[in-house]
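Peer 1: Right, I'll just put the structure down here and ask away after.
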Amino acid sequence: MNVLLVLPILIPLVTAVAALLAWRWRRVQRWMSVLGATALLFVALRLLTSVWRDGIQAVQMGSWPAPFGITVVADLFSAIMVALAGVMGFAVAIYSLSSMDAERESFGYYPLLHILLMGVCGAFLTGDMFNLYVWFEVMLMASFVLLVLGGERAQMEGAIKYVTLNLMSSALFLAAVGILYGMAGTLNMADLAEKLKNVHHPGLVTTLSMLFLIAFGIKAAVFPLFFWLPASYHTPPVAVSAIFAGLLTKVGVYALIRVFTLLFVHDVGYTHRLILVVAGLTMITGVLGAVAQNEFRRILSFHIVSQIGYMIMGLGLFTPLALAGSIFYIIHHIIVKTNLFLVSGVVHRLCGTYELKKLGGLYQVYPGLAILFMIPALSLAGLPPLSGFWAKLTLVQAGLEIQQYEIVAVALAVGMLTLFSMIKIWTEAFWKPSTLNPQPSDNRRRVLNLLFPIVLLALLTVAIGLVAQPFFALAERAADQLINPEAYIRAVLAGTS
Amino acid sequence: METILAVVIGALYATGIYMMLRRSLVKLIIGLGLLSNGANLLIFTVGRLTRARAPFIPEGAETLTPPYADPLPQALILTAIVISFGVLGFAVVLFHRAYQTVGTDDLDEMKATDT
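Structure, rendered in structure tokens:
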């Protein structure tokens with residue numbers, strides 16, 4: 001049995017359990033959290049290189065052959081997502097050391113963070129629809145508690161919307177899984193891909209695919225199902241916001257891409273066309289929502305919505321190049337978005353507020369921080385030579401290739417508006433003269449803990465921008481595996497005998 | 001039997017969604033509970049209903065002889081019930097805490113974090 005495939009799930013589990021056992025000792029929990037996150041990062045990168053070298057890998061839990069056993073499978077797309085989860089877990093674990101208050105730490109922040117990572121990795125690695133549902137729930141449960149940990153009023157109000165809409169989406173997902181089983185008699189994704197080809201009523205399959213689109217659409221926060229996101233993401237402490245922004249909606253995007261490349265590809269003209277329209281509307285509403293905001297984290301929250309549109313756009317275009325663009329975009333976006341939230345946390349630490357009106361003058365006092373903000377901000381807007389430029393370029397190129405000029409126009413216009421938002425934050429928080437005196441911050445080691453992950457992620461952004469070719473090759477091969485799922489199906493079903 | 005269950009499922013979904021659209025926190029949670037139960041029953045029904053045939057392989061035989069009741073939907077439901085129990089338990093506590101913190105159970109009053 002290939003243990004490497006299961007380790008990204010086991011390591012966070014062991015870390016969480018160990019941290020729970022050390023409930024009373026916060027210092028021990030902190031060390032364990034960093035240790036666990038480092039181990040996860042290491043294993044995730046090993047998994048990525050191993051999948052890159054040896055192709056798709058699958059493991060059957062309990063040694064039952066494929067359609068009956070519990071399948072854990074990693075193709076390149078899964079492996080990339082797990083690696084990103086590893087990077088984000090590592091960055092946020094370090095950042096939490098200095099940013100999390102003692103009260104939240106002593107009420108189980110670290111165990112919850114690792115259970116969240118376990119749920120995310122599980123969702124990326126499973127090869128079974130029902131297990132996907134279970135991993136979603138694991139992840140959601142941890143995110144619910146992380147969101148309300150601390151019990152401030154804003155957190156409560158945000159959490160009610162977040163919990164309700166996510167439970168709604170889970171109920172729809174569960175119903176869809178049930179109908180899928182009734183129709184095909186299996187829930188193994190590779191097996192389903194084979195069986196759905198022979199279902200008698202293609203119309204029924206399309207209807208079912210719409211149920212999945214809505215269920216995953218709520219999780220991914222696409223138009224018009226995104227309202228829970230800007231209502232809740234700015235309420236918890238910034239480390240929690242950052243890991244949510246980086247990973248949670250992307251699990252929804254991952255599920256959408258997985259399902260609509262592997263299972264529901266019989267009526268691409270209808271389903272993927274609809275996804276493309278949704279993508280365009282998501283981009284526009286998200287970015288316009290951001291324009292109206294004047295609070296650091298709320299602007300960033302709306303930009304998550306708008307960026308989700310780009311990731312879905314590649315799926316809607318449904319060509320190898322477009323899917324590669326989507327995957328490249330996800331890589332770029334997770335790194336950049338988490339980083340922006342982390343920067344907003346440092347700004348809050350220095351000035352005590354997220355309101356742009358009250359902020360100002362940060363460039364004068366902390367030019368280094370201003371540059372650290374500028375790198376992910378310009379990358380988000382898609383300026384060369386940063387990572388966002390190549391991601392957008394690929395998607396635009398893919399759109400032009402098959403004459404989808406409307407969506408290309410939307411993507412470019414939204415890019416401009418994103419730049420506008422980022423410049424707004426820049427002028428308000430960093431550039432304009434300030435009445436406010438940022439206090440010289442507390443001791444050096446704490447600040448170092450905050451800045452280390454930010455610098456790391458900023459360097460990654462620059463690296464992806466300057467040396468885009470290897471990352472693009474990775475995305476291209478992952479997209480190739482998605483668009484030709486035969487290898488995936490063979491790896492799951494044949495590896496059993 | 002399928003018809004009756006289909007009507008019941010429809011009624012559960014309808015009442016669940018109606019309750020969720022009300023303004024009270026308590027009704028919201030009742031709605032969520034009804035909705036998840038509707039989903040469970042849906043799995044049960046679309047997994048084919050069979051009368052009085054347990055999925056046991058008879059003595060001496062190698063495989064099941066149809067017709068037999070499919071055990072998998074029931075296993076799925078069992079898992080889903082456990083999950084929804086946990087999640088709803090959490091939601092009840094959350095909504096209680098929210099009621100204590102905000103001081104009202106009217107969802108229209110909880111707009112501070114909206115935009």
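Protein sequence lines correspond, in order, to chains C and W.
Residues 1 to 497 in this note's numbering are what the first sequence spells out, letter by letter.
Residues 1 to 115 in this note's numbering are what the second sequence spells out, letter by letter.
Backbone N, C-alpha and C fix where the C-beta goes; we use that ideal spot for every residue, glycine too.
From a predicted model like this one, the values you see are computed outputs, not experimental measurements.
#1: Taking the alpha-carbon of G388/C as reference, which of A398/C, I331/C and V259/C has the nearest alpha-carbon?
#2: Quick one: is F144/C near chain W, going by C-beta distance under 8 Å?
#3: Give me the Cα-Cα distance between L498/C and M129/C, rounded to the nearest whole angstrom.
#4: Using DSSP with H/G/I as helix, E/B as strand and the rest coil, what is M19/W?
#5: Relative to the C-alpha of F260/C, which residue among I275/C, L342/C, L356/C and L378/C is closest?
#6: So, helix, strand or coil for I70/C, using DSSP?
#7: Based on Cα-Cα distance, which residue from M1/W, V8/W, V26/W and G38/W lies nearest to F77/W?
#8: Is F95/W near I29/W, with beta carbons less than 8 Å apart?
#9: Got a sec, what are the start and stop residues for the beta strand (DSSP E) A58/C sits in?
#10: For the alpha helix (DSSP H) holding L386/C, just list the boundary residues, first then last.
#11: Fully enclosed by the region 443–478 of chain C, which alpha helix (DSSP H) runs are 4 residues long or longer?
#12: Enumerate in chain order the residues of its own chain whose CB-to-CB distance from L580/C is below 8 Å, with the five nearest sequence positions on each side excluded.
#13: Assuming the contact rule is C-beta atoms closer than 8 Å, A142/C and G119/C should be a hit. Round their C-beta distance to whole Å, please.
#14: Compare the C-beta of A91/C with all C-beta atoms of chain W and state if any pair is closer than 8 Å.
#15: Ordered along the chain, which non-local residues of its own chain (more than five positions away) have a Cβ less than 7 Å from that of A193/C?
#16: Bridge partners for S24/W per DSSP, in chain order?
#17: So L113/C and A93/C are in contact, right, with Cβ under 8 Å, and what is the actual spacing, rounded?
#18: With three or more beta-carbon pairs closer than 8 Å as the criterion, would you say the region 320–335 of chain C touches the region 387–406 of chain C?
#19: If you measure from the beta carbon of R97/W to each beta carbon in chain C, is any gap under 8 Å?
#20: Comparing the C-beta of F90/W with each C-beta of chain C, is any distance below 8 Å?
#21: Rounded C-beta distance between V32/C and Y110/C? I'm assuming under 8 Å.
#22: State the start and end residues of the unbroken alpha helix (DSSP H) segment that holds G36/C.
#23: Taking 8 Å as the threshold (beta carbon to beta carbon), is V87/W in contact with chain C?
#24: Taking only the alpha-carbon atoms, compute the straight-line gap between G316/C and S232/C and give it to the nearest angstrom.
#25: Quick check on the DSSP output: the alpha helix (DSSP H) that includes G60/W runs from which residue to which?
#26: Residues in its own chain within less than 6 Å of L417/C by CB, not counting five upstream and five downstream?
#27: Is there a C-beta anywhere in chain C that falls below 8 Å from the one on A112/W?
#28: Since M141/C meets chain W, which of its residues come closer than 8 Å, beta carbon to beta carbon?
#29: Just to make sure I have the definition right: I need the residues of chain C whose C-beta is within less than 7 Å of the C-beta of V102/W. Which are they?
#30: Say whether chain W places a C-beta atom closer than 8 Å to the C-beta of G182/C.
#31: May I have the straight-line CA-CA distance separating M1/W from T282/C, to the nearest angstrom?
#32: Please identify, using Cβ separations under 7 Å, the residues of the region 404–421 of chain C that lie next to chain W, in order along the chain.
#33: If you draw a straight line from the C-alpha of T50/W to the C-alpha of P67/W, how long is it?
#34: In chain C, which residues lie less than 8 Å from G47/W when you measure between Cβ atoms?
#35: For a contact meaning CB atoms closer than 9 Å, what does T235/C contact in chain W?
#36: When the Cα atoms are used, what is the spatial distance from F68/C to F226/C?
Peer 2: By the coordinates alone:
#1: As a working note, residue 388/C is residue 388 in the first sequence. Per the Cα distances, I331/C.
#2: Within the first sequence, the letter at position 144 stands for residue 144/C. Interface residue, yes.
#3: Because chain C spans 1 through 497 in this model, residue 498/C falls outside it and cannot be assessed.
#4: Position 19 of the second sequence, counting from 1, holds the residue named residue 19/W. Correct three-state label for M19/W: helix.
#5: One-based indexing of the first sequence puts residue 260/C at position 260. Per the Cα distances, I275/C.
#6: Stepping through the first sequence from its first residue, residue 70/C is reached at position 70. In this structure, I70/C counts as strand in the three-state DSSP scheme.
#7: Position 77 of the second sequence holds residue 77/W. Note on identity: in this sequence residue 77/W is Ile, with Phe being the wrong assignment. It is G38/W whose Cα lies nearest to the Cα of I77/W.
#8: Here residue 95/W is taken as the residue at index 95 of the second sequence, counted from 1. Here residue 29/W is taken as the residue at index 29 of the second sequence, counted from 1. By the CB criterion at 8 Å, F95/W and I29/W fall inside the cutoff.
#9: Position 58 of the first sequence, counted from the start, is the residue given in the question as residue 58/C. Per DSSP, the continuous beta strand (DSSP E) segment holding A58/C begins and ends at Q57 to M61.
#10: Counting from one through the first sequence, the residue named residue 386/C turns up at place 386. Bounds of any alpha helix (DSSP H) do not take in L386/C, whose DSSP letter is neither H nor E.
#11: 444–466
#12: Past the boundaries of the shown model lies residue 580/C; chain C is included only from 1 to 497, so the question cannot be answered.
#13: The residue labelled residue 142/C in the question sits at position 142 within the first sequence. The residue labelled residue 119/C in the question sits at position 119 within the first sequence. Yes, they are in contact, since the Cβ atoms of A142/C and G119/C sit about 6 Å apart, within 8 Å.
#14: Position 91 of the first sequence, counted from the start, is the residue given in the question as residue 91/C. No, because no Cβ of chain W sits closer than 8 Å to the Cβ of A91/C.
#15: Taking the first residue of the first sequence as position 1, residue 193/C is located at position 193. Cβ within range, chain order: L262, L263, P485 and I489.
#16: To locate residue 24/W, count along the second sequence from 1; it is residue 24. Per DSSP, D106/W.
#17: Numbered from its first residue, the first sequence carries residue 113/C at position 113. Numbered from its first residue, the first sequence carries residue 93/C at position 93. That belief holds up - the Cβ atoms of L113/C and A93/C are roughly 7 Å apart, short of 8 Å.
#18: Touching, yes.
#19: Residue 97/W sits at position 97 when you count from the first residue of the second sequence. Yes, R97/W counts as interfacial toward chain C.
#20: Translated into the one-based positions of the second sequence, residue 90/W becomes position 90. For F90/W, the answer is yes, since a Cβ of chain C falls inside 8 Å of its Cβ.
#21: Position 32 of the first sequence, counted from the start, is the residue given in the question as residue 32/C. Position 110 of the first sequence, counted from the start, is the residue given in the question as residue 110/C. Note that residue 32/C is Met in the sequence shown here, rather than Val. With a Cβ gap of about 7 Å, M32/C and Y110/C count as contacting.
#22: Along the first sequence, read from residue 1 onward, the residue named residue 36/C stands at position 36. Its alpha helix (DSSP H) spans residues R26 to D54.
#23: Counted from its first residue, the second sequence places residue 87/W at position 87. V87/W counts as touching chain C.
#24: Along the first sequence, read from residue 1 onward, the residue named residue 316/C stands at position 316. Along the first sequence, read from residue 1 onward, the residue named residue 232/C stands at position 232. Going from the Cα of G316/C to the Cα of S232/C covers about 28 Å.
#25: Your numbering for residue 60/W matches position 60 in the second sequence. Run containing G60/W: none; DSSP gives neither H nor E here.
#26: Numbered from 1 along the first sequence, position 417 holds the residue referred to as residue 417/C. Same-chain partners within the cutoff: V287.
#27: Here residue 112/W refers to the residue found at position 112 of the second sequence. Chain C, which has a Cβ nearer than 8 Å to the Cβ of A112/W, makes this yes.
#28: Working through the first sequence from its first residue, we reach residue 141/C at position 141. Scanning chain W for C-beta atoms nearer than 8 Å to the C-beta of M141/C yields G86, V87 and F90, reported in chain order.
#29: On the second sequence, residue 102/W is found 102 positions in, with the first residue counted as 1. Those within 7 Å of V102/W in chain C are R153, M156 and E157.
#30: Within the first sequence, the letter at position 182 stands for residue 182/C. Closer than 8 Å to some Cβ of chain W, the Cβ of G182/C qualifies, so yes.
#31: Here the question's residue 1/W lines up with position 1 in the second sequence. Here the question's residue 282/C lines up with position 282 in the first sequence. So the two alpha carbons sit approximately 43 Å from each other.
#32: none
#33: Here residue 50/W corresponds to residue number 50 of the second sequence, with the count starting at 1. Here residue 67/W corresponds to residue number 67 of the second sequence, with the count starting at 1. C-alpha separation (whole angstroms): 8 Å.
#34: Translated into the one-based positions of the second sequence, residue 47/W becomes position 47. Simply G178, Y181 and G182.
#35: Position 235 of the first sequence holds residue 235/C. The answer, in chain order, is T113.
#36: Along the first sequence, one-based indexing puts residue 68/C at 68. Along the first sequence, one-based indexing puts residue 226/C at 226. One C-alpha to the other measures close to 36 Å.
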